[in-house]
Amino acid sequence: MPFGLLKYGLSRTYPAKRHFAPAGALKPSYDVVIIGGGGHGLAIAYYLAKYHGVTNVAVIEKGYIGGGNTGRNTAIIRSNYLTPEGVRFYDESVRLFQQLSQELDYNILYSERGHFTLAHTDAALRTMRWRAEVNKHLGVESELVLRDELAKMVPQLDLSEDVRYPILGALYHAPGAIARHDAVAWGYGGAASRLGVDIHQQTTVTGIVAEGGRLTGVVTDRGAIKCGKAVQAVAGDSSVLAAMAGFKLPIRTIPLQACVSQPLKPFLDAIVVSGSLHVYVSQSSRGELVMGGATDPYPLYSTRSSLEFKEGLIAHVLELFPFLAEVKLLRQWAGMADMTPDFSPVMGLTPLENYYVDAGWGTWGFKATPVVGKRMAELIATGEAPDLIAPFRLSRFEEFRLVGEKGAASVGH
Amino acid sequence: MKIMHCPLNGPRNISEFTYGGEVEAHPDPHRCSLAEWTDFVLLENNTRGVVREWWFHAPTAFWFIAERDTVTDEIVRTYPATELFSARMDFPPPPAGDGGKDEP
Ligand SMILES: Cc1cc2nc3c(=O)[nH]c(=O)nc-3n(C[C@H](O)[C@H](O)[C@H](O)COP(=O)(O)OP(=O)(O)OC[C@H]3O[C@@H](n4cnc5c(N)ncnc54)[C@H](O)[C@@H]3O)c2cc1C
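Now the structure itself:
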C-alpha cells in the first residue's frame, strides 16, 4: 500500500472516487422532494429508494451535504433514555447503526465504547436507577455502577472527594458508541444517489406551494419544482420552513457548541458524560478529545463560537480529568439546535396534506439518523405513521401529551 | 463577555440575564380556544431577524424588553416593559357554569 499512497500523493489529477454524481439541472417534477441534505434527509432518501421503490426523489440542500448539524455533532450514539417511547425508538436506531457499515458498504467507523453518565448527587443516582430499570425492561443494556466499580472501568476519572462535585456513581450503557458523522451523510448520500436519487447541493428552498390545503410543489432559488410529497429535515431552520408551509412548531433555535483538543495517544475508551456539570467527553479515532456541553443560554440563528462556552466547559472537564490542564484546544464550533419543550422530536404529518415534518432534533438527533430515515420513509410511502414514531406527532402539543425526555437529555445530546 | 444594557442597572454581562421568550399577546385563559392556548404556551414564532423579547436581570429580579436580531445577535434596544404595557394584565374570572371544558 505505501506505493499506492505515493502514487496517489504524486498524481496531478485528484484520483479520489466521487461519492455521487453531480445532479445537474433540477427536474420540473419529482414524486418526493426532501428539504435538507443532512443525515436525516439523506437517510430518508435512501430508505425510500431502497425499500419502497420510490426513486424519483430530490434532496435539496442549501449548502453542502452533511454541512449542518450532521457534520457538527459529537457523534454519541446510545439508547438509554428515560421514556419507554424514547427507549424503543432509539434502540431501533442503535441496532440499525450497528449494521450500517454493511448496509451501505461504507465504513462509518462505528466504535462501541461504553457510555457513562455520572451522578454527583443522591437525586441523580435515583434517576439513574430509574433509567436503568426502564432500559432493562425494554431489553436495553443499562446498569448502575458505584464508585468502586467505576474506578476500575474508567480509571482516568478523578474520583476523589475533595472536589466541587464528587462523583457517586454512573449509569453504564455498554452499547454506547461513536461514529464518523460525515461518513454517515456520505454513506447514505452515495447509496441513495446510486439508486437514482438526485442530490442538489447549493440549492435553497424559498417557498412551499399549496392548493386547497394540499402540497403541490416547492420553490427554490434555482426554480420551481412540482412534487407529490415533500418532507422538511432542516434542523435549526425548522421554524422557517414550517412558516413557509403555513404552520408553527414548538421549537426554539439555540446554538450548541463543541470543541476538540489536539490529538493525543489513545487513553480514553469510555464516553463520559456529566449532566450536572454539563460536560461530555470522548476520544475520537484520530486521538482528539471531543468535548461538548449545554446549549447556549438564548436563541440565535448563528454558528458563532463564544469564549464563555469554552471557559465554562473546560473548567468542568478539568474537574473530571485534571491531568488535561496542559492540553491545547484545536477547534471550536457551533450548530443550530432545534429545541423542543419536552426534549423529544417532532415527526410525522402536518396541517398541510402531503407535507411531512422531521424536526425538533435539538442536541440528540445524530443517533436517530437511521431510524428516522427508515420510519419517515415508511410514513411518506404509506401515508401512515409507524407505531414507533406516532408518539412524536406534532399534534401531541395540542393534546398536551408531551413526551418528557428531560431527565435523560439534560446534558444536551 | 457580551454586554447587555439593563434599563434598571446599566451595562452588565449577559450571563446575569435570563431569556424569557418573545413578547406575545396573552390570551384570556378562560375564554380562548384550545388552539390559541397551545399556541401561546407551546408553539414558537422562533423569528429569524429582529424580535421583541422578554429578558430578566436575575440579581435584581427585573423583567424588561429587548429588541434583538436573532441572526447577528445585535441587541438593538432595551427598555422597561412599561413602554409597551400601561396597566397590569388581569383577566375576568371564568364564566359561571364553565366546567373548564377547554382547560388543558
Ligand atoms: C455541537 C453539537 C453536538 C451534538 N452532539 C450530538 C450527539 O453527540 N449525539 C446525537 O445524537 N446528536 C447530537 N447533536 C444533534 C445532531 O447533530 C442533530 O440533531 C442531527 O445532526 C440533525 O440532523 P439533520 O439531518 O436533521 O440536520 P442537519 O444536518 O443540520 O441538516 C439540515 C440541512 O438542511 C439544510 N437547509 C436548511 N434550510 C434549508 C433550505 N431552506 N433549503 C435547503 N436546505 C436547507 C441545511 O443547510 C442543513 O444541511 C449535536 C448537535 C450539535 C450542534
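Taken in order, these protein sequences are the chains called R and U. Start counting the first sequence at 1; every next residue gets the next number (the numbering used here). Start counting the second sequence at 1001; every next residue gets the next number (the numbering used here). Even for Gly, the Cβ is constructed at its ideal location relative to N, Cα and C.
Among the residues of its own chain, which have a CB less than 6 Å from the CB of Q262 (chain R), if the five just before and after it don't count? Around Q262 (chain R): K328 and L330.
Just to confirm, are T253 (chain R) and D358 (chain R) a CB contact at a threshold of 8 Å? no
If I measure Cβ to Cβ from G1049 (chain U) and keep anything under 7 Å in the same chain, skipping five residues before and after, which residues do I get? The answer, listed in chain order, is D1069, T1070 and V1071.
Closer than 7 Å to a non-hydrogen atom of ligand 2 - does that hold for the CB of W186 (chain R)? Ligand 2 is not among the ligands present in this structure, which contains only ligand 1.
Is there a Cβ from chain U that is less than 8 Å from the Cβ of L329 (chain R)? no
Nonlocal neighbours in the same chain, by C-beta distance under 8 Å from D1073 (chain U), ignoring five residues either side: K1002
Within the stretch 210-281 of chain R, note down every full alpha helix (DSSP H) run reaching 4 residues or more, in order along the chain. 238-245
Can we count T340 (chain R) as close to ligand 1, meaning its CB is less than 7 Å from some heavy atom? no
Own chain residues within Cβ distance below 6 Å of R12 (chain R), not counting five before or after: none
Using a cut-off of 9 Å between C-beta atoms, extract the partners of F309 (chain R) located in chain U. Per Cβ cutoff of 9 Å: no residues; F309 (chain R) is ~11 Å from chain U at best.
Contact residues within the stretch 250-269 of chain R, judged by C-beta distance below 7 Å to chain U: P250, I251, R252 and T253
Name the two residues that bound the continuous beta strand (DSSP E) containing L146 (chain R). E143 to L146
Where I331 (chain R) falls: helix, strand or coil (DSSP): Note on identity: in this sequence residue 331 (chain R) is Arg, with Ile being the wrong assignment. Reduced to three states, the DSSP call for R331 (chain R) is strand.
Exposed or buried, T220 (chain R), counting other C-beta atoms within 10 Å across all chains shown (16 or more means buried)? buried
Along the stretch 1056-1084 of chain U, where does the CB come closer than 7 Å to a CB of chain R? Name the residues. Residues of the stretch 1056-1084 of chain U whose Cβ lies closer than 7 Å to any Cβ of chain R, in chain order: T1070, V1071 and D1073.
When DSSP labels each residue in this structure, what does N107 (chain R) get in the three-state scheme? coil
By the 10 Å Cβ neighbour count, where 16 or more other Cβ atoms means buried, how is Q232 (chain R) classified, buried or exposed? buried
Anything in the stretch 292-309 of chain R with a Cβ closer than 9 Å to a Cβ of chain U? List those residues in chain order, please. P297, Y298, P299, L300, Y301, S302, R304, S306, L307 and E308
Using a Cβ-Cβ cut-off of 8 Å, state whether P1104 (chain U) counts as contacting chain R. Annotation note: pLDDT 49 at P1104 (chain U) (below 50); position unreliable, coordinate value reported separately. With 8 Å as the cut-off, P1104 (chain U) counts as an interface residue toward chain R.
W361 (chain R) - DSSP class collapsed to helix/strand/coil: Correct three-state label for W361 (chain R): coil.
Buried or exposed: where does S274 (chain R) fall if 16 or more other Cβ atoms within 10 Å of its Cβ makes it buried? buried
Taking T1078 (chain U) as the reference, which of U:W1055, U:A1035, U:E1024 and U:A1096 has the closest Cα? The closest CA to that of T1078 (chain U), considering only U:W1055, U:A1035, U:E1024 and U:A1096, is found on U:W1055.
Could you give the residue range of the alpha helix (DSSP H) that holds R375 (chain R)? Run containing R375 (chain R): T369 to T382, per the alpha helix (DSSP H) assignment.
In chain order, what residues of the same chain lie with their CB nearer than 6 Å to the CB of P1104 (chain U), ignoring the 5 residues before and after it? Its pLDDT being 49, under 50, P1104 (chain U) is placed unreliably in this model, and the coordinates cannot settle the point.
Looking at the C-beta of S410 (chain R), does it have a partner C-beta in chain U at a distance below 8 Å? Confidence at S410 (chain R) is low in this model, with a pLDDT of 49, below 50, so the placement of that residue should be treated as unreliable; the coordinate-derived value is given next. Taking Cβ atoms only, chain U never reaches closer than 8 Å to S410 (chain R), which makes this a no.
Assign P155 (chain R) to one of two classes, buried (16 or more other C-beta atoms within 10 Å of its C-beta) or exposed (fewer than that). exposed
For I271 (chain R), the nearest candidate out of R:L264, R:L195, R:G292 and R:I251 (CA to CA): R:G292
Please find out if some non-hydrogen atom of ligand 1 comes closer than 7 Å to the beta-carbon of N69 (chain R). yes
Helix or strand or just coil, what does DSSP make of H1057 (chain U)? strand
So, helix, strand or coil for G404 (chain R), using DSSP? Residue state, collapsed to three classes: coil.
If I measure Cβ to Cβ from F397 (chain R) and keep anything under 6 Å in the same chain, skipping five residues before and after, which residues do I get? P250
Simplified DSSP state of A132 (chain R), which is helix, strand or coil: helix
Reducing DSSP to helix, strand and coil, say where P1104 (chain U) ends up. Only weak support exists for where P1104 (chain U) lies, its pLDDT of 49 falling under 50; the value from the coordinates is given anyway. Coil.
Give the single residue among R:L320, R:E288 and R:G335 whose Cα lies nearest to the Cα of E302 (chain R). The amino acid at residue 302 (chain R) is misidentified as Glu; the sequence shows Ser. Comparing C-alpha distances from S302 (chain R) to each of R:L320, R:E288 and R:G335 shows the shortest one belongs to R:G335.
Return yes when the C-beta of N73 (chain R) is under 7 Å from any heavy atom of ligand 1, and no when it is not. Yes, ligand 1 has a heavy atom inside 7 Å of this Cβ.
Give the secondary structure of G1010 (chain U) by DSSP, where H, G and I count as helix, E and B as strand, and everything else as coil. strand
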